[in-house]
Structure formats: C-alpha cells, structure tokens
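Counted the way mature numbering (1 follows the signal peptide of the UniProt record, and there is no 0) counts, the sequence shown spans residues -20 to -1, 1 to 533.
Each residue gets a CB set at the ideal place from its N, CA and C atoms; glycine is no exception.
Since the structure is predicted, the reported quantities are computational estimates derived from the model, not experimental observations.
Here the structure comes first, spelled out in structure tokens, and everything after it is commentary.
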Amino acid sequence: MTRLLSALLALLALAPITQSFLPSPIPPSLAGTERLQCLLRAAVDLTWTHRNITEEAVKRAAVRRFRALANDRRVNYGPDELDTVANVFIKFHGFNATGAGIAYHFDAERLAEAQKLLQVRHQQLVTSLVAGGRAGSALRLLALQLAAIQDFYSHSSWIDLEKNEINYALGMPGQEVGAVAGPGDSVCSDCDSADGSCYNNVLRQGRLTSGYLSGQYISGVTVSKPANSGKCSHGGVTDRSRALPAVGGISKDSMAPCFSPHHYSHSRAAEFAIQASERYISAVLAATGEQRADWLLRLSPRQCLVLVLDTSQSMELTVAALRQRTARLAQLEPQLRPGCFVLVPFSGAGVGPVQVTASVAEFQSQLDSLPLVPGDSRRLGVSALLSAVDTAPAGSDIYLLTDRAPTDTAFHLHLLQLAADATARVNLILISSTQGVFGASAAGRGPSEGGYEAQLYPIEVYKNVSKATGGLLLEVGSNQVAEALQILDLAANNSKSTIFNRYDIGFPSFSSTFGIDQTVSQLEVTVTGSVTSGQLVSPRGRRFDLRSPQVDD
C-alpha cells in the first residue's frame, strides 16, 4: 500500500546479501552480453515481481471485501478504491527492509524459523490493529509479512514437490510449516551446469527444503552451504554457492535462467504467492474486526476527520470555536458523519496523546477535555503532522489549526515524503495574532538552520507542505476563525472531491479554467488571500460574483 519501492530498484546492489522475487522487472544492467540477454529475457517474459504479486493479491482481497460491504451496506464502489488500496501496500512494501536474514526469505532450510518469525509478527500486527495502532506502521509490518510469504513459493521446494495448492499453515498461529528435511538428508542432485536452466534436481523424498544463498546470515553469523551434503543452492549468477555440490539451484524468482534455474516454474510460484498473500490479508482483516479492517484499508465510503490541533494557551478562542463547530456533527445522520476521528494535539510540551475513534460522542469528549498549555517557546507542528499522517488511513484530509510557526522544521522533508507515501492532503488554518500577523515562535523567527530548510522561513514550511500535498491554506484573523472552520464540513460531506487547485498566483489578475461533467451536482469555490474582485463563469456563460456569500445556478 509508496514510493518506497522504485521501478528501477538496484537489484544487484542487493544481490550479494539477498535474492527473492525481483522487486521490479528490469534491474540495472550487468556486465557482459550474456548477462544482458538474461536481463532482457526477464523483462520480455513478464517476470512476476514482488510489486506485481502484492498489487494483485491486495486487489483480490479488496474485491472480496468490497463485495461484502456492498451486500451489507448497499454501497457501490468503483475502481479508484481498488487502486488506492493496492498502492497503500505497494508504497509501503518492505522488500529493502528484509535484508539478508535467512528467516526473512525461507532460505537454507530454515523454514521452521521463518514460520516462527511470521507467527510472532502476525501477533504483533493483529494486536497493534485491534488496539488502534497506526495505519502506516501496520502497513509496513504487513508488507514485510507478504514479502516473506511470497518468497516461500519461489525459494522452497513446495512447487517442485508438485503441491497442488498453497500452504495454508504459512504464517498462521499454532501451525507448522510442514515436514522439513533434516541436516543429514540429501535433497538435491547435481544439475548439468552451475549456470542456466536445471530440471529434476529436487529429490522426491517428500520433505520440504530450500536453497542456500551465498552472503546470508543468522544473528550476524554467515551461513554457508554444507560441503558435499546434497543440499540445494538458491542458484543464479549472483549466488556463489551454486558451484558447490549439489551444483545448480532451485530458485523460481524470475523467468530468466541466469537468475532462476527453475525459471519454468516461476508463473506457478507467482500464482501461489498471490493466492497465499490474498489469504493472509483476509486473515488479518478477519482477526482485526470489520471497523479496523475498513479503517486500515480505507474501504469505508466515509472520510475520516483528522485534526491536528495546537493546544497552546494562545489558541483558547480557536479551540472554543472548534468545539462548537464539531458539536454539530452529532446532529447529522450517522451515514453523513465522518467514518472515523483522529485527534492529534500538540504544544510546546510535546505531541499527543493521539486519539482514534469511530464515535462522534467520544471524539467530542476528547476534544472538550483537552487542556490548554501555557508558553510559546516552541511549537511542534511538523512532528504532530507526522503523527497524523502515520496514524490516519491513506488518502486522508488532515486539518492543522495553529497561530504560530513550527519550531521543528528539521522534519519538513520527512513529512513531505511520508505525506506523499500516504497520499494525504494537509489543509492549514493559520490564525493571525491580535496584531494581524501570523505569529513566529521564539525559536522560529528566521530561516531554519541547515540543508533545504535553510531556504524557508518556518511559516513557509507549513505553506510548502500544504501546496505539495494539494491541501487548502486559510490565513485568517482571530475574528474569522468560526467562519474558517466551515472547511471542516468537507470531512463530513463524503461526496465532495477536489477538482482543481492553484497556488501562489503572484499577479494582480489571473484566470483559471477547469472542467466538470454531469457527475458534479454542486460546485464549491474557495479563494484565500487578499481578493478585491472575482467571477465564476459557468459552462453556460453565466457569471457569479465570488465575493458573494453564496451563489446558486
């Protein structure tokens, strides 16, 4: 579920320590014509990658869930939700994080150890979700689980032993992975060559095995293939153990013989990996309950209201106005309210505690009980936004209310990346001081120190985040807060979507054109800043004064 997995991930930079399903179809070029031809073969023959497998598995699981939701709630879902759910997993994919540990990849006959690792992480994942853990952290852990489960089918002899279905015990609590070959069991015979294709080299003794791969370790200690033991290698041009008896390998990671001696079984291994990944995702969703499952995958047709609130003493009037505004949510019909509520308070004293609930009454109680904190020495707004992005479901609209510039601007670029990964939009309501100028914290009056942030004044950090994520920016006086808080209605109205944004015009006059069609039943235009005049021209040529409170066509 972003952009942590690149289409051109440097596979060979990782190869000395780990191999698995390729992270992307075309790794960087290898030296030599023969190896280049191998790479082209991997691309042309449509090798299944971790990215492809994860995307397909998530889509299948999402379709299953969508059908259940549609039947239960009579809700129609379109293809955009499928893409969103798949991207959440793809973007947080944990391929790089798995490293060269054998237990992460089911290598070197450590299948039982890998199963135990999956079971421990499964419990951590489910416990975290049930207890209201952060969506971003949960997705990363789930991605690690999926990567390991997928590797089982391309690294072990499950396919070679002619199994006709997936291993239903894989990753499940209290279950064994199956009968595994012992240290003294011969499981492979020599291939005709250490390089290229290899057929019928797995001995049919009925016990599972997996290949040794040079450069792997357990607890920091390198694990080497036993000499003259009849054990299998992973195989492929980057595996030095392939030349040791039993010569060759059993990898099914790709369609290319130079990477995978059992390349001819790659498609079957990929299909099993998809089925197993789908089953595991469904098992996690079932264990966490319907509400948490919908929250994790953002399958609910209702948006979440995510508030990042400055609770410094100077925000007293703003907090009071916010409490009055959100109290109206309880008067709405349940289907018109936000699907969940995330509250992230911050001040000079710190960030949190972060509150997540689906109950409007509980949310209002949390908001009403927030204490105001004296002091203006620092404002940890960027850190609070990081917590909000990591906690809220992917694709959320986040609303930040503050009257001071942030003092923790060192995390600015990290926030931009995390927000992009989660496809979150950051909307800002910046309240001017009594002098009519947005306040600067004591530690944040000039440009930030160091790196890219040195070019930005602290307040520009907020504006940059809003612009980069496609959010709205409202700079208002303290007497305009109640009116500005109407922006929160966007979170309650789940039929609204953003059609067009334009920032930092910088000209005395300008015009912008955007398209609409029959699916738009009501158009809302928000213009912020100093506006002396403005007109909206409809497709039929009618003109409306944008400075009027409301216009209807």
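Let me know the beta strand (DSSP E) ranges lying completely inside the segment 280 to 354, each 3 residues or longer, listed in chain order. If we require 3 residues or more, the beta strand (DSSP E) runs fully inside the segment 280 to 354 come out as 284 to 290, 320 to 327 and 335 to 337.
Quick check: the Cα distance between Ser134 and Gly361, rounded to an integer number of angstroms? 45 Å
Straight-line Cα distance separating Asn32 from Phe252: 13 Å
Could you check what DSSP says for Ile33 in three-state terms: helix, strand or coil? Helix, per DSSP.
Where the beta strand (DSSP E) containing Thr189 begins and where it ends: Element bounds for Thr189: n/a, residue is neither H nor E.
Going by DSSP, what residues sit across from Ile411 in a beta bridge? Val456
Assigned secondary structure, Gly416 (DSSP; H/G/I helix, E/B strand, else coil): Any reading at Gly416 needs caution, since the residue's pLDDT is 40, under 50, leaving its predicted position unreliable; the model's value is listed next. Coil at Gly416, not helix or strand.
Which of helix, strand or coil DSSP assigns to Ile198: strand
If you run the structure through DSSP and keep just helix, strand and coil, what is Arg405? In this structure, Arg405 counts as strand in the three-state DSSP scheme.
Just verifying my parser: in three-state terms, what is the DSSP assignment at Leu381? strand
Whose C-alpha, out of Ser376, Asn407, Arg248 and Leu366, is nearest the C-alpha of Ala390? Leu366
Cβ separation of Ile146 and Gln255, assumed to be a contact under 8 Å, to the nearest whole Å: The C-beta distance from Ile146 to Gln255 rounds to 5 Å, short enough to meet the 8 Å contact threshold.
Could you check if Ser221 is buried or exposed, using at least 16 other CB atoms within 10 Å of its CB as the buried criterion? buried
Who does Gln515 pair with in a DSSP beta bridge? Asp525
Let me confirm a value: Thr493 is counted as buried when at least 16 other C-beta atoms fall within 10 Å, else exposed. Which label applies? exposed
Buried or exposed: where does His30 fall if 16 or more other Cβ atoms within 10 Å of its Cβ makes it buried? Buried, by the Cβ-count rule.
In the structure shown, what three-state DSSP assignment does Val182 receive? strand
When we look at the beta-carbon of Arg405 and count the other beta-carbons within 10 Å, is it buried (16 or more) or exposed? Answer is buried; the Cβ neighbour count reaches 16.
Residues that DSSP places opposite Val160 in a beta bridge: Leu188
Between the Cα of Leu289 and the Cα atoms of Thr268, Ala250 and Pro351, which residue gives the shortest distance? Out of Thr268, Ala250 and Pro351, Pro351 has the C-alpha closest to the C-alpha of Leu289.
Note down, in chain order, each residue of its chain lying with its Cβ closer than 6 Å to the Cβ of Ile409, except the 5 sequence neighbours on either side. Leu381, Leu454 and Ala464
Identify whether Ser247 lies in helix, strand or coil by the three-state DSSP scheme. helix
Can at least three beta-carbon pairs, one atom from the segment 242 to 251 and one from the segment 200 to 211, be found at a separation below 8 Å? Two segments are said to touch when three or more pairs of C-beta atoms, one from each, lie closer than 8 Å; by this definition the segment 242 to 251 does not touch the segment 200 to 211.
Nonlocal neighbours in the same chain, by C-beta distance under 6 Å from Arg523, ignoring five residues either side: Gln515 and Val517
Taking Leu97 as part of the alpha helix (DSSP H), name the residues at either end of that continuous run. Leu91 to Val110
Contacting residues, own chain, Cβ-Cβ under 8 Å from Ser137 (five flanking each side not counted): Correct list, in chain order: Val167, Val182, Leu188, Thr189, Ser190, Cys212 and Ile230.
Closest to Gly216 by C-alpha separation, out of Gly457, Leu193 and Ala161, would be which residue? Looking at the Cα atoms, Leu193 is the closest of the given residues.
Expected contact under 8 Å - CB spacing of Val157 and Gln95 to nearest Å: 4 Å
Express the C-alpha separation of Gly355 and Gly330 in angstroms, rounding to a whole number. Taking the straight line from one Cα to the other gives about 12 Å.
At the level of alpha carbons, what is the spacing between Arg358 and Phe326? Per the coordinates, the alpha-carbon of Arg358 lies some 10 Å from the alpha-carbon of Phe326.
Between the beta-carbon of Ile309 and the beta-carbon of Arg303, is there less than 7 Å? With the sequence shown as reference, residue 309 is identified as Leu, and Ile is not the correct amino acid for it. The answer is no: Cβ separation not under 7 Å.
Using three-state DSSP, classify Ser367 as helix, strand or coil. Helix, per DSSP.
Between the beta-carbon of Val334 and the beta-carbon of Val324, is there less than 7 Å? Going by beta carbons, Val334 and Val324 fall inside the 7 Å limit.
Rounded separation between Ala92 and Ala300 - CA only: 57 Å
Identify which residue in Arg305, Asp140, Asp172 and Ala364 has its Cα closest to the Cα of Gln344. Arg305
Sub-7 Å separation of Phe321 and Leu285 beta-carbons: yes
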